[in-house]
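Q: Just so you know, the protein sequences line up as chains C and R, in that order.
So the first sequence is numbered by the numbering used here: it starts at 1 and just counts up by one.
So the second sequence is numbered by the numbering used here: it starts at 387 and just counts up by one.
All C-beta atoms in this analysis are idealised placements derived from N, C-alpha and C, irrespective of residue type, glycine included.
Computed from a predicted model, the values in this text were never measured in an experiment.
Before I ask anything, here is the structure I am working with.
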Amino acid sequence: MQRRYFDYAATTPIDKRVLEVMIPQIENNFGNPSSVYSFGREARKSIDESRDTVARVLNAEPKEIFFTSGGTEADNWAIIGTAFANKNKGNHIITTSIEHHAVLHTCKYLEKHGFEVSYLPVDEYGMVDPEDVRNSIKESTILITVMYANNEIGTIQPIKKIGEIARENDVYFHTDAVQAFGSIEIDVKDLNVDMMSISGHKIYGPKGIGALYIRKGVKIDNLIHGGGQERKKRAGTENTPAIVGFAKACELVTENLKESAEKAIELRDYMIKNILENIDEVRLNGHPTERLPGNVNVSIRYIEGESILLSLDLIGIAASSGSACTSGALDPSHVLLAIGLSHEIAHGSLRFSIGKDTTREEVDFVLEKLPAIIQRLRDMSPLYNS
Amino acid sequence: MSRIYFDNSATTCVDDEAIDIMTMYHKDLYGNPSSLHRMGVEAEKAVEECRNKIAEMLSVKSKEIYFTSGGTEGNNMLIRGAVEKNKRIGNRIITSKIEHPSVLEVFRYYESQGLDVIYLDVDEYGKIDFKKLEESINGDTILVSIMMINNETGAIQDLKRIGELVKKNSKKTLFHSDCVQSFGKSVIDINSCNLDMLTFSAHKLHGPKGLGGVYIRQGLNLPPLILGGGQESGFRSGTENVASIAGFTKVLQNIDMKSNTDRFVSLKKYFISKVASAVDEVIINSPQRDDFADFIISISLKNVKGEILLHALEKKEIYVSTGSACSSKKNRTSHVLEAINIPRDYIEGTLRVSFSKHNTLNEIDKCIEALAEETSKIRKFTRRK
């Protein structure tokens with residue numbers, strides 16, 4: 001059976017050019033970068049070059065890039081690290097109600113450790129109002145963390161504006177750019193961010209690698225202590241092949257960003273238009289235009305997203321009912337509830353995410369199969385029949 | 387390949403078969419294990435297969451194994467988890483002076499946070515003093531963390547005895563061991579050692595970098611270090627490193643511990659007998675005894691700078707280490723070598739040779755020959771001064 005992958009927001013296949021630079025690193029350049037002989041120094045050099053590349057694509061300085069085991073670790077480090085390092089200045093943190101769990105659960109953890117967290121609401125499109133951010137800042141505010149683009153509904157936040165507000169008020173600003181990076185052009189200097197999390201496996205790079213951008217001068221504690229790697233900020237033997245692969249992925253994904261975004265937007269809008277036109281009682285979740293190029297998220301009334309998902313899976317279509325992390329859970333998505341959906345409607349949500357390899361034919365295949373699947377499930381649904 | 391790689395305690399080459407599997411997972415089986423569709427299910431299956439294999443090796447339950455980004459994260463999460471969980475019932479934590487920095491630095495952090503931290507001395511063989519340990523364990527002790535095999539000298543601690551002492555003196559004290567050097571190379575008996583937690587890493591035994599894991603006794607319910615999507619039963623969030631995990635399964639399936647041990651024993655025996663006759667004024671810090679690992683040999687040469695010797699050997703494509711890789715860049719003598727009291731005129735001339743299943747007796751001949759030659763060159767130069 002032919003597979004049609006519409007879950008690029010969960011994870012992406014590796015770009016073969018990324019794999020091509022990783023394999024020699026695994027096979028030949030396996031030295032420990034901390035070893036002083038040439039063999040280790042070569043690994044060190046590969047890491048340094050990779051850091052330069054990542055810095056270049058973000059318009060950061062190489063010494064502002066720290067490699068981590070992924071986006072989740074980067075989010076945890078940014079938030080816990082700045083909270084504890086700056087608690088003498090205050091204990092208040094501002095975030096939103098639609099963040100990824102890597103941010104939300106970290107904020108909940110800090111609440112148990114004496115911090116106060118404001119979870120800002122979003123509008124029906126999942127958009128944060130920068131004025132809400134401004135009005136929530138108080139004397140004790142030490143950190144604002146707002147995701148760049150939402151992983152479930154794709155809404156892109158006014159990060160630059162929020163960054164300005166943070167800077168005017170002298171508060172650190174972190175953004176989780178795990179979903180946005182690779183889809184939108186990002187310039188950390190232009191955005192006024194102090195910290196930013198990115199991940200490898202969302203941009204056709206390997207899993208198990210990510211980075212935290214930390215603007216020079218930001219006061220942050222370590223999350224992982226030990227051997228003094230990453231300029232004494234993140235201990236642990238560096239994952240050289242993954243770092244080199246990640247840098248290559250960063251380079252490739254930003255190289256053709258404009259064209260690939262245009263192509264994705266075209267497919268996205270085509271898909272949205274068709275679903276809304278051909279299926280009854282369906283709504284689009286997220287902002288109509290300020291959304292990730294590859295994100296389609298719809299709620300289909302009277303049926304469970306999971307049922308649709310499994311029916312799609314049987315014919316080789318891989319989609320998601322929410323974010324991958326929460327798709328195993330029975331609770332409706334916190335993001336969909338935050339944009340005002342009822343539990344019932346939130347349960348009938350479906351996310352298709354489009355990637356660089358997605359074709360018009362694949363989209364057409366989904367559009368052809370989806371109405372019948374939905375009709376069949378609705379015919380079995382007591383809610384629909386009544 | 388003419389390269390002679392004797393730095394396998396720093397890191398190892400990845401098994402070819404594992405590389406093939408990792409490539410396959412990167413390219414085709416790239417699903418996110420949390421996804422509900424079959425690509426997600428396949429990925430999850432690969433993760434569980436590895437977990438089962440590790441559990442089988444350690445004779446524990448699969449759900450007692452959690453994956454991490456490596457040994458350092460593992461040590462951090464366990465020590466921190468134990469302290470966070472139990473700091474209300476006590477504030478003393480105990481370790482030794484010869485632990486890896488990923489243990490020591492976490493203890494130092496907690497020392498700076500006001501915890502009562504005991505760093506146990508070791509004897510000339512790198513062994514902790516059981517009497518001192520027993521005296522140190524009081525009603526306030528919440529954690530004892532002692533590594534199994536030391537990464538610089540190969541000294542093996544008597545974990546069974548330590549575990550007995552810990553549990554005899556305080557039921558509530560948790561016992562952790564950093565088993566990064568021993569996992570997959572030595573038998574680890576969790577039950578008879580009374581271990582509550584242990585740490586392991588993949589890249590020390592021909593697995594990929596960026597992967598490790600921990601064992602946590604069922605029911606401990608430690609708070610996590612990294613929060614988020616709830617992977618690893620909520621204990622370690624973050625999308626699983628599926629390709630590396632799948633590759634590691636193959637590595638573990640390929641391990642022939644008996645044949646590896648036989649090889650290490652003969653390599654070590656050969657090296658020690660050769661070096662003593664080839665070079666004068668050399669101390670063997672890792673004697674051939676049951677309580678020293680067979681795959682690590684630390685030697686100290688009088689009036690030689692280890693780093694100069696290392697670079698001289700490197701020119702002949704022989705790769706060794708002066709200590710652990712993690713501390714080798716710092717311009718100071720190793721805390722481990724200081725703790726075992728190596729004489730002052732020997733300590734800087736310390737080299738570590740560590741073996742893998744690929745090393746041969748022939749390589750040792752070449753290494754010793756080069757070592758003798760370069761040592762005498764360096765000594766001539768030093769003495770002339």
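With distance defined between alpha-carbon atoms, name the residue in C/Asn151, C/Ser118, C/Val122 and C/Glu152 nearest to C/Lys138.
A: Closest by alpha carbon: C/Ser118.
Q: Helix, strand or coil: which one does DSSP assign to R/Arg738?
A: Here R/Arg738 sits in strand by DSSP.
Q: Do three or more CB pairs link the stretch 224-240 of chain C to the stretch 89-99 of chain C at distances below 8 angstroms?
A: The stretch 224-240 of chain C is not in contact with the stretch 89-99 of chain C.
Q: Cutting at 6 angstroms between CB atoms, please list the residues of its own chain near C/Asn135, excluding the five before and the five after it.
A: Once the five neighbours on either side are set aside, C/Asn135 has no close Cβ partner at all.
Q: Examine chain C for any beta-carbon lying closer than 8 angstroms to the beta-carbon of R/Lys752, and answer yes or no.
A: Not closer than 8 angstroms to any Cβ of chain C, the Cβ of R/Lys752 fails to qualify, so no.
Q: Answer yes or no: do R/Val400 and C/Ile243 have a C-beta to C-beta separation smaller than 8 angstroms?
A: Cβ atoms of R/Val400 and C/Ile243: not closer than 8 angstroms.
Q: Which value, in whole angstroms, describes the spacing of the CA atoms of C/Asn29 and C/Ala43?
A: Going by the C-alpha atoms only, they are around 6 angstroms apart.
Q: Excluding five sequence neighbours on each side, which residues of the same chain lie with their C-beta closer than 7 angstroms to the C-beta of R/Lys688?
A: Contacts found: Glu667, Asp731, Tyr732 and Gly735.
Q: Between the alpha carbons of R/Pro487 and C/Gly226, how many angstroms are there, rounded?
A: Distance between the alpha carbons of R/Pro487 and C/Gly226 is about 5 angstroms.
Q: Tell me which same chain residues have a C-beta within less than 6 angstroms of the C-beta of C/Leu110, skipping the five on either side of it?
A: Cβ neighbours of C/Leu110 beyond the five flanking positions: Ala83.
Q: At a CB-CB cut-off below 7 angstroms, which residues of chain R make contact with C/Thr359?
A: The contacting residues do not exist; C/Thr359 stays about 18 angstroms from chain R at best.
Q: I need the straight-line Cα distance from C/Leu377 to C/Pro288, nearest angstrom please.
A: Rounded to whole angstroms, C/Leu377 to C/Pro288 spans 27 angstroms at the Cα level.
Q: Please list the terminal residues of the continuous alpha helix (DSSP H) segment that includes C/Gly424.
A: Because chain C in this structure spans residues 1 to 386, residue 424 of chain C falls outside the shown range and cannot be described.
Q: Across which residues does DSSP place C/Thr95 in a beta bridge pair?
A: Note: C/Thr95 sits in a beta bridge opposite C/Tyr119.
Q: Tell me the DSSP secondary structure of C/Ile300 in three-state form.
A: Of the three classes helix, strand and coil, the one that applies to C/Ile300 here is strand, per DSSP.
Q: Give me the DSSP bridge partner(s) of R/Val668.
A: DSSP output for R/Val668 lists R/Leu687 as bridge partner(s).
Q: Please classify R/Ser740 as buried or exposed, where buried requires at least 16 neighbouring CB atoms within 10 angstroms.
A: It counts as buried.
Q: Based on the DSSP secondary-structure assignment, which residues constitute the bridge partners of R/Val600?
A: R/Val600 pairs with R/Tyr452 and R/Thr585.
Q: Taking one C-beta from the stretch 452-469 of chain R and one from the stretch 607-622 of chain R each time, how about it: are there three or more such pairs within less than 8 angstroms?
A: A contact exists between the stretch 452-469 of chain R and the stretch 607-622 of chain R.
Q: Since R/Glu693 and R/Thr708 should fall inside the 8 angstroms C-beta cutoff, what is the C-beta to C-beta distance between them, to a whole number of angstroms?
A: That pair is a contact at about 6 angstroms.
Q: Buried or exposed for R/Thr585, please, with buried defined as at least 16 other CB atoms from any protein chain shown within 10 angstroms of its CB.
A: By the 10 Å Cβ count, R/Thr585 comes out buried.
Q: Just the chain C side, please: which residues come within less than 7 angstroms of R/Cys399 by C-beta, in chain order?
A: Result: Phe30.
Q: So, at 6 angstroms on beta carbons, what are the nonlocal neighbours of R/Ala758 in its own chain, with the 5 sequence-adjacent residues on each side left out?
A: Cβ neighbours of R/Ala758 beyond the five flanking positions: Ala664 and Val665.
Q: Any C-beta of chain C within less than 7 angstroms: which residues of the stretch 489-511 of chain R qualify?
A: Result list: Glu491, Val492 and Tyr495.
Q: Given R/Lys715, which residues of its chain have a CB within under 7 angstroms of its CB, disregarding the five upstream and five downstream residues?
A: A caution first: R/Lys715 carries a pLDDT of 48, below 50, which makes its placement in the model too unreliable to give a value.
Q: C/Gly355 to C/Phe6, Cα distance in whole Å?
A: The straight-line gap from Cα to Cα measures roughly 8 angstroms.
Q: Are C/Ser425 and C/Ala346 touching if we call contact CB-CB under 8 angstroms?
A: This structure leaves residue 425 of chain C out entirely; chain C is present only between 1 and 386.
Q: Using the Cβ count rule (16 or more neighbours within 10 Å means buried), how would you classify R/Ile726?
A: Buried: at least 16 other Cβ atoms inside 10 Å.
Q: Give a yes or no on whether the minimum CB-CB distance between C/Pro332 and chain R is below 8 angstroms.
A: No, its Cβ sits nowhere closer than 8 angstroms to a Cβ of chain R.
Q: Under DSSP, the beta strand (DSSP E) around C/Arg351 begins and ends at which residues?
A: Unbroken beta strand (DSSP E) run through C/Arg351: Ser349 to Ser353.
Q: Which same chain residues end up closer than 7 angstroms to R/Asn418 when comparing Cβ atoms and leaving out the 5 residues on each side of it in sequence?
A: The residues are Gly426, Ala429 and Thr625.
Q: Would you list, in sequence order, the uninterrupted alpha helix (DSSP H) runs of no fewer than 4 residues that lie entirely inside the stretch 600-680 of chain R?
A: If we require 4 residues or more, the alpha helix (DSSP H) runs fully inside the stretch 600-680 of chain R come out as 628-640 and 643-664.
Q: What is the residue span of the alpha helix (DSSP H) that C/Phe365 lies within?
A: Its alpha helix (DSSP H) spans residues Arg360 to Met380.
Q: Buried or exposed for R/Ser713, going by 16 or more other Cβ atoms inside 10 Å?
A: Summary for R/Ser713: the model assigns pLDDT 46, below 50, so the residue's position carries little reliability; its value from the coordinates is reported in the next sentence. Flag for R/Ser713 reads buried.
Q: Tell me whether C/Ser327 is buried or exposed, calling it buried when 16 or more other Cβ atoms sit within 10 Å of its Cβ.
A: Bear in mind that the predicted position of C/Ser327 carries a pLDDT of just 49, short of 50, making it unreliable; the figure below should be weighed with that in mind. That one is buried.
Q: Would you list the one or two residues that DSSP bridges to R/Leu529?
A: BP columns for R/Leu529 point to R/Ile479 and R/Leu560.
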